[in-house]
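Participant:
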Amino acid sequence: MKLNQLIFRNLRKNLKNYYLYVFALIFSAALYFSFVTLQYDPSMDQVTGSIKGAAAIRTASILLVAIVTIFLLYANTIFIKRRSKEIGLFQLIGMTKNKIFRILSTENFILYFGSLLFGILIGFAVSKLIIMILFKITGINAIATLHFSKTAFIQTLIVFAVIYLFIMLMNYLFIKRQTILSLFRLVSTTEGKLKKMSIFEIIIGIVGILLVIFGYYLSSKLFEGDFTSIMSLFITMISILASVIIGTYLFYKSSVRFILNIIRKKKNGYLNINDVLSLSSIMFRMKSNALLLTIITTISALAIGLLSLSYISYYSAEKTAENQVPSNFSITNSKDVETFKTALDRNNIKYTEKRIDIIKANTNITNIIDVNINNLTTSLDKFPLAVVSEKAVNNLNLSSNETLFTGYNDLLQSFMTLKDSGQIKLMSKNKVINLTYLGLDKKFIIPSHFTSGLPTVLVDEKVFETLKKDLDQSIQKDSTVYYGINISNESSLEKANDIFIEKHLNEHGANASRLDVINNQKKTMGLIMFIVGFLGLTFLITSGCILYFKQMDESVDEKPNYTILRKLGFSHRDLLRGIRFKQIFNFGIPLVIGLIHSYFAVQSGWFIFGTEVWTPMIIVMVLYAILYSIFGILSILYYKKVIKDAL
Amino acid sequence: MNILEAQKIHKSYGNKFNKQEVLSGIDMSIVKGEFVSIMGASGSGKTTLLNVLSSIDKINSGTIMIEGKNITDMKEKQLAEFRKYHLGFIFQEYNLLDTLTVKENILLPLSITKTTPREANQKFEVIAKELGIYEIKDKYPNEISGGQKQRTSAARSFIHEPSIIFADEPTGALDSKSATDLLNKLSELNKKRDATIVMVTHDPVAASFCNRVIFIKDGQIYSQLYKGDESRQNFFKDIMKTQSVLGGVHSEA
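Respectively, the protein sequence lines represent chains A and B.
Residues in the first sequence are numbered from 3 upward in steps of one, following our numbering.
Residues in the second sequence are numbered from 250 upward in steps of one, following our numbering.
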């Protein structure tokens, strides 16, 4: 048999065995190419708009390269290990190492670049779809066109060629380092010898769990104001990261074994088939997989966390805009209102109008506030807040010595928490009015232009009038009135918005259209969400593949065990049940821990990003879990085949 | 009482163009409590015979009855079920699970029966002490010697009191002391527990521990030797004689 024939045969055989590797290659090439195509697409200018957007995409593409490189290198280590026997055999029949390396390289070259080209083709085909998705979530009305970018093509080729060189280098080192003997022995020596748990290991196991819990505890305290300066906040964040990551590592290194060991001890040697296939096998391997699992868990947590947060801000876009602009259009001077109203009337658009007078007054709220930041710029006994008459809220009737606060930004609230009740002082220029504080209402009634996110003070009409007569001019805004225009019919909102822009009303200082605010928010958050989603998906699939490869590897190692068990009379189905159990652990442990990590991460700071936490977070988590479990199911199918072949 | 009865078993490998007949019509029966060994040269079909008798491999024609049940027309699932309860195995390469301790390996066959943990523990103690491996019960297979591994394997095959135990070259990978040790234990267990053991071996010393030796040549039974009241030394000589006739190249041919 000639060398070429050998290469060709190997290739055919490998294609069948390594279909997932080929799939992974095609997938990453497609993903990368479509992403780079996006980067060079002329219609993207609208989306990225600013330099920031372009920079974000570029950073993402670099991250993408990093993920893909690590993934392909890892996949390669598994596959070259699998072929160690073959390499040993070639050596045995007298081939030089260089020649073997040449065979492997040629074989790899065809496989690699074949998949790469195929991947680029697919990437090209789906790039239109991806751009359409991007336009959809950023709310941009543009036509997505299929556009083949030469620059993108060349960039993809270069990046993957470099990765190929890395792989070759790895293979070269691998072959160089091996002797014939070690090549034959490789498979059986990869896993460390099994030893009994030492006391030290038990302690490490407990420490791991404690570290993770400690990290969670810190994260829940992060924004509750126990850490008062930026520096200590930063240090706390670093300690959370460190303790959770190290804790996770120790957890895999020892805690899992430790917990399983307790269960196993309880069984007193009497294990059933499920235990044999899951418990003991996981214990056997967990230690050597600790690093890999830690990386997968940490990055999963990161991906889920970032996805949740960006989705939270996207999802809350409308709510946030509502808090900033309480009505469809907010106008702060009477001239503009008249212009807008006439224009609306002319176009037969029905609307309701609301007028609220707003004055700024200094307050003393030291009694009702828990301050968490020491170096506050304004003092709390002379704290300027927006004051509004009770008339602004329907059915509200306060007595002259009462006050109600309303509409307080979540983020600010976490730093400056208001108590449930207390006494405050309201100061006009010359007088001080004592008021009883009744509590805080959630509703935002005036635009954030007046409040800057701080609560609005609602007072009795008479108090309001007194204040108004005795204004402290130095703290007043340029306008003391807010006109809220609400369009009665939802369908004419867009037309009204066009009029608003046409009349250049949006250019006057504090005027705002809620629709514009929403769209702007969606545009920025949409792009971020898209990029994070893209990276998250890449990570999900690569980590899923890595776990799957790992399981493929394990199943081959464990095949002799299945043979024994089947000879002993365990049926195909008995074994499969055990395997299912094992896979729930193998895939479930990193997933569950990743989910819990990200849950705590999201809980600690979600309010910075939006107003809604549960729905978007749960949607992200469920989607992630479903996509992730596909790999678990695939691995079970693979095991099924192995078990069937075992006898 | 015959515990195993095989009639006219044929087994061949390969496709219809390139057929290799390995067993060509073997009849044999084994009585309860017997310790039988099957001998033959390499390629004579002794391992194949053991595999088909123990239901691991299928035959092409013939019948095999174990405890009155015909195993030749059982489905895969029934066979697995049958193996679980009625058969025990000892293999040359031990076939212990590396991930389990000695005790866990031995108790494995009991986990599918309705034995209570207490009962299982008692059974384990008895058999482990008989085979002298009780002290190493919490060790993993990679921490013990070959002889200990094979005794662990033997304990696993005895623990659920199967109708018949199949051993494939159990001493093949052992040094002579461990081998003698194991064979002594096996024949002790055979007498004490009235256990039926069928063993494939090419080692005449191992075969001399049995009550009966069946010689196989070219897929057929060539002859049988009964130990009767002979001493082991004499039986060994008889075996050697038969083997030399069996394996020798006939000068007149």
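We put the beta carbon where it would ideally sit given N, CA and C, even for glycine.
1) Considering only residues of the same chain and omitting the five flanking positions on each side of B:Ala444, which have a CB-CB separation below 7 angstroms?
2) Hey, out of A:Asn366, A:Phe572, A:Ile620, A:Ile165, whose CA is closest to B:Glu325's CA?
3) Report the three-state DSSP secondary structure of B:Asp417 (helix, strand or coil).
4) Closer than 8 angstroms is the cut-off here; do at least three beta carbon pairs connect the segment 337 to 356 of chain A with the segment 472 to 488 of chain A?
5) Name the chain B residues that come within less than 8 angstroms of A:Leu273, Cβ to Cβ?
6) Is A:Gln180 helix, strand or coil by DSSP?
7) B:Leu336 touches chain A at which residues, Cβ-Cβ below 8 angstroms?
8) Which of helix, strand or coil does DSSP assign to A:Tyr21?
9) With burial defined as no fewer than 16 other Cβ atoms inside 10 Å of the residue's Cβ, what is the status of A:Thr191: buried or exposed?
10) Pick helix, strand or coil for A:Phe150, following the three-state DSSP scheme.
11) Using only the alpha-carbon positions, how far apart do A:Gly580 and A:Phe73 sit?
12) Measuring only the C-alpha atoms, how far is A:Met134 from A:Ile28?
13) Just checking: is the beta-carbon of B:Ile305 within a distance shorter than 8 angstroms of some beta-carbon in chain A?
14) Would you call the segment 296 to 307 of chain A and the segment 596 to 616 of chain A touching, i.e. three or more CB-CB distances under 8 angstroms?
15) Taking a cut of 8 angstroms between CB atoms, which residues from the segment 285 to 310 of chain A lie near chain B?
16) Where A:Val395 and A:Thr458 are concerned, what is the direct C-alpha to C-alpha distance, given to the nearest angstrom?
17) Kindly say whether A:Ser631, judged by its beta-carbon, lies nearer than 8 angstroms to any beta-carbon of chain B.
18) In its own chain, which residues sit with a C-beta less than 7 angstroms from the C-beta of A:Val246, not counting the 5 before and 5 after it?
19) Kindly indicate the opening and closing residues of the alpha helix (DSSP H) around B:Gln327.
20) Round the Cβ separation of A:Tyr23 and A:Ala77 to the nearest angstrom and send it over; I've been treating them as touching at under 8 angstroms.
21) Given this structure, state the Cα-to-Cα distance separating A:Arg516 from A:Ser318, to the nearest angstrom.
22) Check for me: the beta strand (DSSP E) holding B:His259 runs from which residue to which?
23) Looking only at its chain, what residues have a beta carbon closer than 7 angstroms to the beta carbon of A:Lys646, apart from the 5 residues adjacent to it on each side?
24) Could you list which residues in chain A have their beta carbon closer than 7 angstroms to that of B:Arg461, in chain order?
25) A:Tyr34 and A:Thr158: beta carbons closer than 8 angstroms?
26) By the three-class DSSP mapping on this structure, what secondary structure does A:Ala292 have?
27) Measuring only between beta-carbons, confirm whether A:Leu578 sits less than 8 angstroms from chain B.
28) So what's A:Tyr601 in DSSP terms, helix, strand or just coil?
29) Rounded to whole angstroms, what is the Cα-Cα separation between A:Asn274 and A:Ser280?
30) For A:Lys195, collect the residues of the same chain with a Cβ closer than 8 angstroms to its Cβ; drop the 5 residues on either side in sequence, then sort them by chain order.
31) For the beta strand (DSSP E) that A:Tyr353 lies in, which residues bound it at each end?
32) Report the neighbours of B:Lys372 on chain A: residues whose CB is nearer than 7 angstroms to its CB, in chain order.
33) Of all the CB atoms in chain A, is at least one closer than 8 angstroms to the CB of B:Arg332?
34) How is the alpha helix (DSSP H) around A:Asp555 delimited, first residue to last?
35) Is the beta carbon of B:Val280 less than 8 angstroms from the beta carbon of B:Asn251?
36) Quick one: complete beta strand (DSSP E) runs, 3+ long, within the segment 440 to 510 of chain A?
Facilitator: In short:
1) Annotation for B:Ala444: Phe407, Ile414, Leu438 place their beta carbon closer than 7 angstroms to its own, counting only its chain and skipping 5 residues before and after.
2) Residue A:Phe572 is the option with its Cα nearest to B:Glu325.
3) The DSSP-derived three-state label of B:Asp417 is strand.
4) These segments touch.
5) Going along chain B in sequence order, the residues near A:Leu273 (Cβ under 8 angstroms) are Leu349, Glu353, Leu356, Leu357, Ser360.
6) Coil.
7) Neighbours of B:Leu336 across chain A, judged by C-beta separation under 8 angstroms: Gly571.
8) In the structure shown, A:Tyr21 sits in a helix (DSSP, three-state: H, G or I).
9) Residue confidence for A:Thr191 is low, a pLDDT of 42 falling below 50, so the modelled location carries little weight; the figure read from the coordinates is stated next. A:Thr191 comes out exposed.
10) The answer is coil: DSSP assigns A:Phe150 none of H, G, I, E or B.
11) Going from the Cα of A:Gly580 to the Cα of A:Phe73 covers about 29 angstroms.
12) Their Cα atoms are separated by approximately 22 angstroms.
13) Cβ-Cβ to chain A under 8 angstroms: yes for B:Ile305.
14) Enough Cβ pairs lie closer than 8 angstroms, so yes.
15) Result list: Met285, Phe286.
16) Cα-Cα distance, rounded: 12 angstroms.
17) Answer no: the Cβ-Cβ gap between A:Ser631 and chain B never drops below 8 angstroms.
18) So the list reads Val214, Gly217, His599, once near-sequence residues are dropped.
19) Per DSSP, B:Gln327 belongs to the alpha helix (DSSP H) from 325 to 335.
20) A Cβ-Cβ distance of about 5 angstroms is found for the pair A:Tyr23 and A:Ala77, placing them in contact under the 8 angstroms criterion.
21) Whole-angstrom Cα-Cα distance: 13 angstroms.
22) 251 to 262 is the extent of the beta strand (DSSP E) around B:His259.
23) For A:Lys646, where only same-chain residues beyond five positions count, the Cβ hits under 7 angstroms are His574.
24) In chain A, no part has a C-beta under 7 angstroms from the C-beta of B:Arg461; the shortest such distance is about 25 angstroms.
25) A contact, by the Cβ cut-off of 8 angstroms.
26) Here A:Ala292 sits in helix by DSSP.
27) Chain B, which has no Cβ nearer than 8 angstroms to the Cβ of A:Leu578, makes this no.
28) Under the three-state reduction of DSSP output, A:Tyr601 falls in the helix class.
29) In a straight line, the C-alpha of A:Asn274 is about 10 angstroms away from that of A:Ser280.
30) Unreliable placement is indicated for A:Lys195, whose pLDDT of 47 sits below 50; no coordinate value is reported for it.
31) Element bounds for A:Tyr353: 353 to 366.
32) Per Cβ cutoff of 7 angstroms: no residues; B:Lys372 is ~11 angstroms from chain A at best.
33) In terms of beta-carbon proximity, B:Arg332 lines the interface with chain A, with at least one pair separated by less than 8 angstroms.
34) For A:Asp555, the enclosing alpha helix (DSSP H) covers residues 516 to 569.
35) By the CB criterion at 8 angstroms, B:Val280 and B:Asn251 fall inside the cutoff.
36) Runs of the beta strand (DSSP E) inside the segment 440 to 510 of chain A: 458 to 461, 483 to 489.
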